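Chains as they are written, first to last, in the working numbering: chain A, 43 to 194; chain B, 105 to 440.
Just so you know, even glycine gets a beta-carbon here, dropped at the ideal spot from N, CA and C.
Here the structure is a predicted model, which means the values were calculated and not measured.
One structure is given below, encoded as structure tokens.
Quick look at the structure:
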């Protein structure tokens with residue numbers, strides 16, 4: 043009789059332990075899955091429109107004008123790539139500084155919905171005139187937006 | 105063993121199986137509760153994600169069906185470094201559109217200007233038309249430069265300002281001068297009083313004009329299509345004259361005048377008529393004296409029942425240069 047009580051108690055204790063462990067694991071899963079879903083949704087809502095790309099030959103810099111035409115705030119620029127069919131990819135060594143169209147630094151360093159701004163990308167060499175170049179903008183959320191320009 | 109215990113044991117069997125039953129129930133409950141929770145929660149998350157996908161698709165569809173058209177674009181440089189950009193915007197799509205930015209590019213010198221239009225509230229419902237006029241600064245801009253412009257909508261669409269029509273007309277105008285005459289809008293006026301035109305500004309749209317003692321004036325609609333996009337100013341010697349092949353001595357001429365909105369002709373030609381690039385204006389020719397008008401300077405055609413050729417003789421300045429152009433093409437019949 044005593045052994046039966048002990049075994050029952052052990053079974054209950056083991057069951058509770060399994061329940062607690064399962065709860066912990068499921069919470070972790072829910073947290074991870076929730077974060078992944080939220081990140082995917084944020085990426086879906088993010089959209090950048092490249093309004094114009096201007097190449098300044100004198101200072102070997104391209105200026106990329108952008109509009110946050112998406113449905114989410116706080117779009118940060120992580121990096122910018124520049125390339126053409128023959129040249130290698132140049133990438134900004136660190137996230138470029140966002141400026142508004144009136145040349146002031148954007149304080150929160152991101153583009154909210156409907157906000158416009160530009161980034162300057164200094165290139166190591168002068169681009170070839172009348173060549174077609176591609177610009178790839180990567181946001182902090184991992185979205186990629188591309189545009190093209192002709193270097194004058 | 106007492107009788108009652110024996111009865112219980114008989115009824116429930118051995119007590120050694122209870123732990124197994126309890127453990128199994130616990131495990132089943134654990135699996136069921138947690139599994140159900142995760143299942144429904146995942147279902148909810150998937151629903152939220154699907155909703156986000158639908159919203160994104162809807163935004164893409166809206167962006168694709170947005171259709172703003174910008175035509176009749178002109179780029180006038182009233183002074184060096186300043187560009188007056190105009191265009192007619194029309195929402196040819198089925199959803200409303202907001203214009204947020206105007207870009208003007210001086211392609212000749214590769215300089216640009218960007219203007220935020222949000223404060224201008226250029227919001228177009230389907231079918232709406234709106235004129236866009238904006239003066240922008242582009243250092244070094246010159247009338248001879250090539251300009252390009254586009255507007256950006258809030259959805260991120262870029263709309264080019266089309267100048268195709270201007271180019272075609274300007275090319276045509278270049279062959280015959282900088283000013284174009286609207287042949288079909290040619291009109292003449294009679295007088296309501298000695299210095300007031302009757303039925304101004306409509307006049308009488310006809311190529312048959314009265315003769316004898318009826319004083320008349322001519323109304324001609326001109327459009328400045330100067331390829332260099334400069335303003336034309338007509339001086340007091342600008343005139344209309346008619347020539348009768350059968351009677352060369354019967355030539356008559358009417359000098360340009362200023363007319364008020366009520367049809368009253370100003371006594372002096374001041375300020376001179378100015379026509380900006382792409383501007384269309386009704387110009388009135390009424391006086392026999394250059395630079396002034398009075399009741400005695402009204403003009404009538406004496407000859408009757410005859411045909412004559414009407415010529416438009418324009419003089420003045422175009423930008424900083426002299427301007428002179430003679431436009432023929434109108435024939436008149438002077439009624440008996």
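Non-local beta-carbon contacts of residue 350 of chain B in its own chain, meaning distances under 7 Å to residues more than five positions away in sequence, involve 410 in chain order.
Counting only residues of its own chain and dropping the five nearest sequence neighbours on each side, residue 368 of chain B has a CB closer than 7 Å to the CB of 299, 300.
Counting C-beta pairs with one atom in each stretch, the region 340-356 of chain B and the region 378-385 of chain B have fewer than three that are closer than 8 Å, which means they do not touch. Taking a cut-off of 8 Å on C-beta distances, the region 356-376 of chain B touches the region 387-401 of chain B, as three or more cross pairs fall below it. Here the C-alpha atom of residue 337 of chain B lies approximately 10 Å from the C-alpha atom of residue 425 of chain B.
For residue 439 of chain B against residue 313 of chain B, the beta-carbon gap comes to about 7 Å, under 8 Å, which counts as contact. Judged by DSSP secondary structure, residue 45 of chain A falls within the alpha helix (DSSP H) whose first and last residues are 44-87. Using a Cβ-Cβ distance cut-off of 8 Å, the region 147-156 of chain B and the region 238-255 of chain B are not in contact, since fewer than three pairs of beta carbons, one from each stretch, lie closer than that value.
Contact annotation for residue 76 of chain A against chain B: 149 [CB-CB distance below 8 Å, chain order]. With 16 or more other CB atoms across the displayed protein chains lying within 10 angstroms of its CB, residue 330 of chain B is buried. At least one CB atom of chain A sits nearer than 8 Å to the CB of residue 214 of chain B. Annotated three-state conformation of residue 369 of chain B is strand, per DSSP. When the beta-carbon positions are compared, residue 195 of chain B and residue 230 of chain B come within less than 8 Å of each other. Less than 8 Å divides the Cβ of residue 256 of chain B from the Cβ of residue 205 of chain B. Taking 9 Å as the cut-off between beta carbons, the residues of the region 122-134 of chain B near chain A are 122, 123, 124, 125, 126, 127, 128, 129, 130, 131, 133, 134, in sequence order. Two segments are said to touch when three or more pairs of C-beta atoms, one from each, lie closer than 8 Å; by this definition the region 81-95 of chain A touches the region 178-186 of chain A. Collapsing the DSSP output to three states places residue 134 of chain B in a helix. The C-beta separation of residue 130 of chain B from residue 52 of chain A comes to about 11 Å, leaving the pair out of contact by the 8 Å criterion.
Residue 197 of chain B is classed as buried because its beta carbon has at least 16 other beta carbons within 10 Å across all chains shown.
At a cut-off of 8 Å between C-beta atoms, residue 163 of chain B counts as an interface residue with respect to chain A.
Three or more Cβ pairs closer than 8 Å define a contact, and the region 69-77 of chain A falls short of that threshold against the region 112-124 of chain A. Scanning B:318, B:366, B:132 for the CA closest to the CA of residue 401 of chain B turns up B:318.
In the structure shown, residue 145 of chain A falls within a coil segment according to DSSP collapsed to helix, strand and coil. In the DSSP annotation of this structure, the continuous segment of the beta strand (DSSP E) that includes residue 194 of chain B starts and ends at 186-195. Taking a C-beta distance under 8 Å as the contact criterion, residue 124 of chain A and residue 177 of chain A qualify as a contact pair. Contacts with chain B at 8 Å (Cβ-Cβ) do not include residue 178 of chain A. Note that the region 150-157 of chain A touches the region 100-113 of chain A; at least 3 beta-carbon pairs, one per stretch, sit closer than 8 Å. At least one CB of chain A lies nearer than 8 Å to the CB of residue 157 of chain B. Within 9 Å of the CB of residue 258 of chain B, the CB atoms of chain A belong to 109, 111, 156, in sequence order along the chain.
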